[in-house]
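Numbering (UniProt numbering), first residue to last: 1 to 472. Glycine included, each C-beta is placed from N, C-alpha and C at the ideal position. Every value quoted in this text rests on a predicted model; they were computed, and no experiment measured them.
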Amino acid sequence: MDGHVTTIFWLCRDFRVADNTALVAALKNGPIAPVFLIDKMLMEQGAASRWRLQRALAAFDADLRRRCGHGVLILRGEAEDELPKLARRISASAVHVTDWPCPQMRRVQDQARKALGDVPLLLHMGHLLIHPRMVHTKTGGAYKVYTPFARAVREAGPDQPIAAPRRIEIAPDLPQGEVLDNLNLAPDMRSGAAVLERHALDPGEAAALARLDDFLSHAKGYGEDRDRLDRPATSGLSEALAVGEISPRTIWAISMRRIQAGDTAADDARKFLSEVLWREFAWHLLIEFPQMDHRPWREEWSRFPWKSHGAGLDAWTQARTGIPAVDAGQREMRVTGRMHNRVRMITASYLTKHLMIDWKQGLRHFQDSLTDWDPASNAMNWQWVAGSGPDASPFFRIFNPVTQAQKFDPDATYLKRWLAGYRGSKSPDAKDYFDTLPRDWQVPSAYAAGDDAQELADRRQAALEAYAKMRD
1 MDGHVTTIFW LCRDFRVADN TALVAALKNG PIAPVFLIDK MLMEQGAASR
51 WRLQRALAAF DADLRRRCGH GVLILRGEAE DELPKLARRI SASAVHVTDW
101 PCPQMRRVQD QARKALGDVP LLLHMGHLLI HPRMVHTKTG GAYKVYTPFA
151 RAVREAGPDQ PIAAPRRIEI APDLPQGEVL DNLNLAPDMR SGAAVLERHA
201 LDPGEAAALA RLDDFLSHAK GYGEDRDRLD RPATSGLSEA LAVGEISPRT
251 IWAISMRRIQ AGDTAADDAR KFLSEVLWRE FAWHLLIEFP QMDHRPWREE
301 WSRFPWKSHG AGLDAWTQAR TGIPAVDAGQ REMRVTGRMH NRVRMITASY
351 LTKHLMIDWK QGLRHFQDSL TDWDPASNAM NWQWVAGSGP DASPFFRIFN
401 PVTQAQKFDP DATYLKRWLA GYRGSKSPDA KDYFDTLPRD WQVPSAYAAG
451 DDAQELADRR QAALEAYAKM RD
């Protein structure tokens, strides 16, 4: 131990040992104090996201104990209070953290940096494929259109992921923290937590790597089938990416290696990587425009006459609109914490372009309900559908939820899985939805689709007329 100093490794949505630059940097000078903070920012995040993050924390803690016999120090309190206190107690030389570049975390980092004084807070990239400074337009600005952005990232080339440290040494005599087995980061989930548990994907770094390997081994057809509601064609990695059980650089490097070796369907794997780039685009936009989760990117959309509440919003959130694809998606999300990406677009379009309800209401609902919640993707995708974002879908492009279901779920396999009683469905997954409901929700046990054709047409016309007035 002579000559060694202790550093603090502050866990922040990087629950992995491979390609963890903050962890590797912290270990360079000696033992570390791996710390996770239960702070106000965390507890203000959505319930489903907190529930999933706790599973990631537990898996990482177990992995750490297998590797070195010690787990994560869990502290309850604000970074500006707990980190300086811990640094003084163990004479820490520095605090290392993976930069989660959302506005809320930046404020927490700034406050912690001031409170730490002479103990440096060192940020490391690990949440993105490439540093934002490496990708910019010819005039030096940020890209606002996806296609040239994606081309620029491909040309720059993401860095290779770094290897996991061979040895992890934990500092002795760390203070007693919260007991992991006694934690409940999502008490507001109530009975919904047990339902999520039944439908959960395995957490942890090893499970994420195995999921990537399996996906690449069966990627053929992904380019076409990823939009199908009745076929399990997607990677299932969105949760693992959101909590940092796997890094985007690891996904990129392994996928490219398999493509170059001819060990996966190349065109389909490249299409998959374009989705990773879409996530990257969202983060670069959020860094450029930190207000993206509460202000329209296009200023003219501030004048649009959105509704902010009412019976339509209640029916949408409670999955009783009478529109099968919309309600099935909401029920899938309530039972699993996930929603098929095509259905996310259908449900978002219905809320904003048929009900004319403010996209921020949908954003908040998804934030509270998704286990794969990602602040950048959530904000950009909602603005994209609403028409107010950069490179957005035109407002006059309105998804018809009925024809979308007919196209991507022709045998109603998806609808019958999630809507109890729909066309005689007795799906156990559909019944699980009712175990998650608050007592004040009045949802019939047998699903009945509405007579929606004229209603949809009328609502679509009303939305287009409102859009035309805004444009005048």
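Considering W384, what are the terminal residues of the alpha helix (DSSP H) in which it resides?
-> If you number the sequence shown from 1, residue 384 lands on position 384. Segment P375 to A386, the alpha helix (DSSP H) holding W384.
I think W387 touches W297, with their Cβ atoms under 8 angstroms apart; what is that distance to the nearest whole Å?
-> The residue given as residue 387 occupies position 387 in the sequence shown. The residue given as residue 297 occupies position 297 in the sequence shown. The displayed chain sequence assigns Gly, not Trp, to residue 387. About 10 angstroms separates the two Cβ atoms, so there is no contact after all.
Which two residues bound the contiguous alpha helix (DSSP H) that contains T403?
-> Start at 1 with the first residue of the sequence shown, and residue 403 comes out as number 403. Residues P401 to F408.
Flag this pair as yes or no: are the beta carbons of A200 and T336 separated by less than 9 angstroms?
-> In the sequence shown, the residue the question calls residue 200 occupies position 200. In the sequence shown, the residue the question calls residue 336 occupies position 336. Taking 9 angstroms as the Cβ cut-off, A200 and T336 qualify as a contacting pair.
Report all residues from its chain with a CB closer than 8 angstroms to the CB of M1; omit the five preceding and five following residues, and keep chain order.
-> The count along the sequence shown starts at 1 and reaches residue 1 at position 1. Because M1 carries a pLDDT of 42, less than 50, the predicted location of this residue cannot be relied on, and the following value inherits that uncertainty. The residues are G30 and P31.
Just list the alpha helix (DSSP H) runs in the segment 183-221, keeping only unbroken ones of 4 residues or longer that don't cross its boundaries, in chain order.
-> The qualifying runs are 192-199 and 205-217.
Apply the 10 Å Cβ neighbour rule to D293 and answer buried if 16 or more other Cβ atoms are within range, or exposed otherwise.
-> Here residue 293 refers to the residue found at position 293 when the sequence shown is read from its first residue. Buried.
Neighbour-count burial assignment, R50, 16 or more Cβ in a 10 Å radius | Reading the sequence shown from its first residue, position 50 is the one you call residue 50. R50 comes out buried.
Cβ shell of A253 (< 8 angstroms), same chain only, five flanking positions each side left out | To locate residue 253, count along the sequence shown from 1; it is residue 253. So the qualifying residues of the chain are P158, Q160 and P161.
State the CB to CB distance for the pair A150 and L277, rounded to an integer number of angstroms; the pair is presumed to be in contact (CB under 8 angstroms).
-> Here residue 150 is taken as the residue at index 150 of the sequence shown, counted from 1. Here residue 277 is taken as the residue at index 277 of the sequence shown, counted from 1. Distance from A150 to L277 at the Cβ level is roughly 5 angstroms; contact confirmed, criterion being Cβ atoms closer than 8 angstroms.
Cβ-Cβ separation, N400 to L456 (assumed contact under 8 angstroms), whole Å | Indexing the sequence shown from 1 puts residue 456 at position 456. Indexing the sequence shown from 1 puts residue 400 at position 400. Separation of the CB atoms of L456 and N400 is rounded to 7 angstroms, and the pair is thereby assigned contact status at 8 angstroms.
Express the C-alpha separation of L53 and V97 in angstroms, rounding to a whole number.
-> Along the sequence shown, read from residue 1 onward, the residue named residue 97 stands at position 97. Along the sequence shown, read from residue 1 onward, the residue named residue 53 stands at position 53. If you take the alpha carbons of V97 and L53, they lie about 17 angstroms apart.
Which residue comes first and which comes last in the alpha helix (DSSP H) that contains R270?
-> If you number the sequence shown from 1, residue 270 lands on position 270. Segment A266 to E288, the alpha helix (DSSP H) holding R270.
Output the residue ranges of the alpha helix (DSSP H) runs that lie fully inside the segment 326-376 and measure 4 residues or longer, sorted by chain position.
-> DSSP runs (the alpha helix (DSSP H)) wholly in the segment 326-376: 341-353 and 359-369.
Considering only residues of the same chain and omitting the five flanking positions on each side of L180, which have a CB-CB separation below 8 angstroms?
-> Your numbering for residue 180 matches position 180 in the sequence shown. Excluding sequence neighbours, L180 sits near L57, A58, D61, G71, V72 and I74.
Compute the Euclidean distance between the alpha carbons of A449 and D314, then round it to the nearest angstrom.
-> Here residue 449 refers to the residue found at position 449 when the sequence shown is read from its first residue. Here residue 314 refers to the residue found at position 314 when the sequence shown is read from its first residue. Cα to Cα, A449 sits roughly 17 angstroms from D314.
For R67, which option in S274, M380, I170 and T317 has the closest C-alpha, if you only look at C-alpha atoms?
-> Here residue 67 corresponds to residue number 67 of the sequence shown, with the count starting at 1. Of the listed residues, the one whose Cα sits closest to R67 is I170.
Buried versus exposed call for P410 [16 or more other C-beta atoms within 10 Å across all chains shown] | Locating residue 410 in the sequence shown gives position 410, where the first residue counts as 1. Exposed is the call here.
Compare the beta carbon distance of M380 and L286 with 9 angstroms and say whether it is the shorter of the two.
-> Translated into positions along the sequence shown, residue 380 becomes position 380. Translated into positions along the sequence shown, residue 286 becomes position 286. Yes, they are a contact pair.
Quick one: using the 10 Å Cβ neighbour count with 16 as the cut-off for buried, is Q176 buried or exposed?
-> Start at 1 with the first residue of the sequence shown, and residue 176 comes out as number 176. Q176 comes out exposed.
Skipping 5 residues on each side, what residues in its chain have a beta carbon closer than 6 angstroms to that of F395?
-> On the sequence shown, residue 395 is found 395 positions in, with the first residue counted as 1. So the qualifying residues of the chain are G387 and Y467.
Take the Cβ of Q367 as the centre, count every other Cβ of all protein chains shown within 10 Å, and call the residue buried at 16 or more, exposed below.
-> For this step, residue 367 is matched to residue 367 along the sequence shown. So Q367 ends up on the buried side.
For R364, which residues of its own chain have a beta-carbon under 7 angstroms away from its beta-carbon, when the five flanking residues on both sides are left out?
-> As a first step, residue 364 must be located in the sequence shown, where it is residue number 364. Excluding residues within five positions, none has a Cβ falling inside 7 angstroms.
Counting Cβ pairs closer than 8 angstroms, one from the segment 7-21 and one from the segment 317-333, do we hit at least three?
-> no
Assign S349 to one of two classes, buried (16 or more other C-beta atoms within 10 Å of its C-beta) or exposed (fewer than that).
-> Residue 349 sits at position 349 when you count from the first residue of the sequence shown. That one is buried.
As assigned by DSSP and simplified to three states, the class of T7 | As a working mapping, residue 7 is identified with position 7 in the sequence shown. Three-state DSSP puts T7 in a strand.
Is the segment 186-194 touching the segment 42-49, taking contact as three or more C-beta pairs under 8 angstroms?
-> Yes, the segment 186-194 touches the segment 42-49.
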